[in-house]
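Participant: Sharing a structure, written as structure tokens. Questions coming.
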DNA sequence: GGTTTACACTAGCGCTTGCTTGGTTGACCT
DNA sequence: AGGTCAACCAAGCAAGCGCTAGTGTAAACC
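Chains as they are written, first to last, in our numbering: chain A, 795 to 995; chain B, 795 to 995.
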């Protein structure tokens, strides 16, 4: 049995599982359904994963690690101003929700189906991601770009962003860039909003 | 079998079901667990509800109708300024999340477990509620209190508010009033934020 | 050439699920 | 006294569940 997400085969199976978990929900997705989607028989599934729980954990781990990596590189490559960093985080968050949508929907909706061990491990990953946000928001507060309580502002912002998975349509006219700009514009003082990056037409 | 939520007995059973659905999730809550929590045998449950699905629909219907009613009376009894109406809606929303927490958590997390008929009926209720929000936000936009795209602003605000069910602690120091004030303060221009109501110390 | 490894198969065990059936109880009405 | 009705119960059915056991096979390695 594979134990790490490194195996390409396992990675592909994880991706398929994420899709089914979104469609049906974790509990209603049976191992037989998973196996069929993967083109194998249900027994063969347990060669790749110890049990059904481990598939859920793999899905969430994959998505969260990607989000963390994207956010870090977005912060590393943007201007070093509070505005630019805030914008980069929002944009990175929304782009992750687009490219890794299934995994993130699963993470948001099925978190409580994780057993305690997996939840413990994965909450460290999630905390690392949220810490990035809180740091960027702290900088914006210190610069007077936004006002309010540090804790509440970060919760509100992450709530607004995470909620997008319930209504955002990737096929629609609005791009992640647009959403990010609008959100940052909404929470910053009007006079403080910088011009949009030059990539926008 | 009862068919309306009017029966007091059924209303009480619905309340208990909401609690279990939050604790365990809809799919993992068995009819035997529900029956035990209600102090009856599993077969007796089907005297009150046609099937398990109907219990879920009853829970969500109850919560949404309460939210709608509270929001309407909050709007009816507040000052007729965009600020006051915005604030009243946010506060009403958060207070509903507090008093009817279980039902709302179920509505947010288990919506997709509804069968198409129930979903159709309940989405009309939900649309009526969201229409209240969009109206109030339109007024705030027209008054120049906030800026941005009508659609996006309302989604962001509702996202921030709904997300509170994931982190808000009713036992903590922050009251719904505080959260509402902070959120409105965050999205409105600083100079436009009115003084807090006199009930705040 | 023999052994190991990765991946897949068939068959089915033991258990739980939502729901049904047929019948009982006790409060209330006429 | 006789009838009604909501509320409940004991028992169990058919279907589906996660997972295991044991086996086959083709490629990779020594």
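Glycine included, every Cβ here is placed at the ideal spot set by N, Cα and C.
Who are the neighbours of residue 923 (chain B) on chain A, taking C-beta pairs under 9 Å?
Facilitator: The contacting residues do not exist; residue 923 (chain B) stays about 15 Å from chain A at best.
Participant: Assuming residue 955 (chain A) and residue 878 (chain A) make a contact with CB atoms under 8 Å, what is their CB distance in whole Å?
Facilitator: Not really, about 17 Å apart at Cβ, beyond 8 Å.
Participant: How do the segment 906-922 of chain A and the segment 850-864 of chain A stand: do at least 3 beta-carbon pairs fall below 8 Å, yes or no?
Facilitator: They touch, by the three-pair rule.
Participant: Closest to residue 942 (chain A) by C-alpha separation, out of B:974, B:934, B:953, would be which residue?
Facilitator: Nearest option by C-alpha distance: B:974.
Participant: For residue 822 (chain A) versus residue 873 (chain B), is the C-beta spacing smaller than 8 Å?
Facilitator: Taking 8 Å as the Cβ cut-off, residue 822 (chain A) and residue 873 (chain B) do not qualify as a contacting pair.
Participant: For residue 961 (chain A) and residue 949 (chain B), which I take to be in contact (beta-carbon distance under 8 Å), what is that distance rounded to the nearest angstrom?
Facilitator: Indeed, because the Cβ distance is near 6 Å, the residues count as touching under 8 Å.
Participant: Measure the alpha-carbon distance for residue 934 (chain A) versus residue 875 (chain A) and round it to whole angstroms.
Facilitator: Cα to Cα, residue 934 (chain A) sits roughly 9 Å from residue 875 (chain A).
Participant: Going along chain A, which residues have a C-beta under 8 Å from residue 965 (chain B)?
Facilitator: Ordered by position in chain A, no residue passes the 8 Å Cβ test against residue 965 (chain B), which lies about 16 Å from the chain.
Participant: For residue 913 (chain A) and residue 924 (chain B), I'd like the C-alpha separation in whole angstroms.
Facilitator: When rounded, the distance between both Cα atoms is 34 Å.
Participant: Give me the Cβ distance between residue 807 (chain A) and residue 842 (chain A), rounded to the nearest whole Å; I'm assuming they're in contact under 8 Å.
Facilitator: Confirmed, Cβ separation roughly 6 Å.
Participant: Tell me the rounded alpha-carbon separation between residue 982 (chain B) and residue 968 (chain B).
Facilitator: About 21 Å.
Participant: Please confirm whether residue 997 (chain A) and residue 920 (chain A) have their CB atoms less than 8 Å apart.
Facilitator: Outside the shown range of chain A (795 to 995) lies residue 997 (chain A), about which nothing can therefore be said.
Participant: DSSP on residue 964 (chain A), reduced to helix/strand/coil?
Facilitator: Correct three-state label for residue 964 (chain A): coil.
Participant: Leaving out five residues on either side along the sequence, give the residues of the same chain with a beta carbon under 6 Å from the beta carbon of residue 898 (chain A).
Facilitator: Cβ neighbours of residue 898 (chain A) beyond the five flanking positions: 857, 891.
Participant: Roughly how many angstroms lie between the CA atoms of residue 918 (chain A) and residue 901 (chain A), to the nearest whole one?
Facilitator: Straight-line Cα distance between these residues: approximately 14 Å.
Participant: Look at the alpha carbon of residue 835 (chain B) and the alpha carbon of residue 972 (chain B), and state the distance between them as a whole number of angstroms.
Facilitator: If you take the alpha carbons of residue 835 (chain B) and residue 972 (chain B), they lie about 44 Å apart.
Participant: Quick one: what does DSSP say residue 989 (chain B) is sitting in, helix, strand or coil?
Facilitator: Caution applies to residue 989 (chain B), whose pLDDT of 44 falls short of 50 and renders its modelled position unreliable; the value that the coordinates give is listed next. Reduced to three states, the DSSP call for residue 989 (chain B) is coil.
Participant: Please report how far the alpha carbon of residue 817 (chain A) lies from the alpha carbon of residue 887 (chain B), in whole angstroms.
Facilitator: When rounded, the distance between both Cα atoms is 29 Å.
Participant: Please confirm whether residue 850 (chain A) and residue 904 (chain A) have their CB atoms less than 8 Å apart.
Facilitator: The answer is yes: Cβ separation under 8 Å.
Participant: Residues of chain B with CB closer than 8 Å to the CB of residue 882 (chain A), please, in chain order.
Facilitator: Within 8 Å Cβ-Cβ: nothing; residue 882 (chain A) doesn't reach chain B, min ~18 Å.
Participant: Just checking: is the beta-carbon of residue 874 (chain B) within a distance shorter than 8 Å of some beta-carbon in chain A?
Facilitator: Chain A contact via Cβ: absent.
Participant: Under the three-state reduction of DSSP, which class applies to residue 922 (chain A): helix, strand or coil?
Facilitator: In this structure, residue 922 (chain A) counts as helix in the three-state DSSP scheme.
Participant: Mapping DSSP to helix, strand and coil, what is residue 941 (chain A)?
Facilitator: Reduced to three states, the DSSP call for residue 941 (chain A) is coil.
Participant: Is residue 922 (chain A) near residue 862 (chain A), with beta carbons less than 8 Å apart?
Facilitator: Yes, Cβ-Cβ distance for residue 922 (chain A) and residue 862 (chain A) is below 8 Å.
Participant: Kindly say whether residue 954 (chain B), judged by its beta-carbon, lies nearer than 8 Å to any beta-carbon of chain A.
Facilitator: Interface residue, yes.
Participant: Scan the segment 840-900 of chain B and note each continuous alpha helix (DSSP H) run of 4 residues or more that stays entirely inside, going in chain order.
Facilitator: List check, alpha helix (DSSP H) in window: 846-870, 876-893.
Participant: In chain B, which residues lie less than 7 Å from residue 950 (chain A) when you measure between Cβ atoms?
Facilitator: In chain order: 954, 977, 980.
Participant: In whole angstroms, what separates the C-alpha of residue 995 (chain A) from that of residue 869 (chain A)?
Facilitator: Reliability of the predicted coordinates at residue 995 (chain A) is poor, the pLDDT of 38 falling under 50, and the value obtained from them is presented with this limitation in mind. When rounded, the distance between both Cα atoms is 23 Å.
Participant: So with CB distances below 7 Å, who are the chain A contacts of residue 821 (chain B)?
Facilitator: In chain order: 819, 821, 822.
Participant: Sorted by chain position, which residues of the same chain lie with C-beta nearer than 8 Å to residue 931 (chain B)'s C-beta, five sequence neighbours on each side aside?
Facilitator: Once the five neighbours on either side are set aside, the close Cβ partners of residue 931 (chain B) are 880, 940, 944, 947, 948, 951.
Participant: Check the Cβ of residue 853 (chain B) against every Cβ in chain A and list those closer than 9 Å, keeping chain order.
Facilitator: Result: empty, since nearest Cβ-Cβ is about 17 Å, beyond 9 Å.
Participant: State buried or exposed for residue 966 (chain B), treating a residue as buried only when at least 16 other CB atoms are found within 10 Å of its CB.
Facilitator: Its Cβ having fewer than 16 others within 10 Å, residue 966 (chain B) is exposed.
Participant: Should residue 894 (chain B) go down as buried or exposed, given a rule of 16 or more other Cβ atoms within 10 Å for buried?
Facilitator: It counts as buried.
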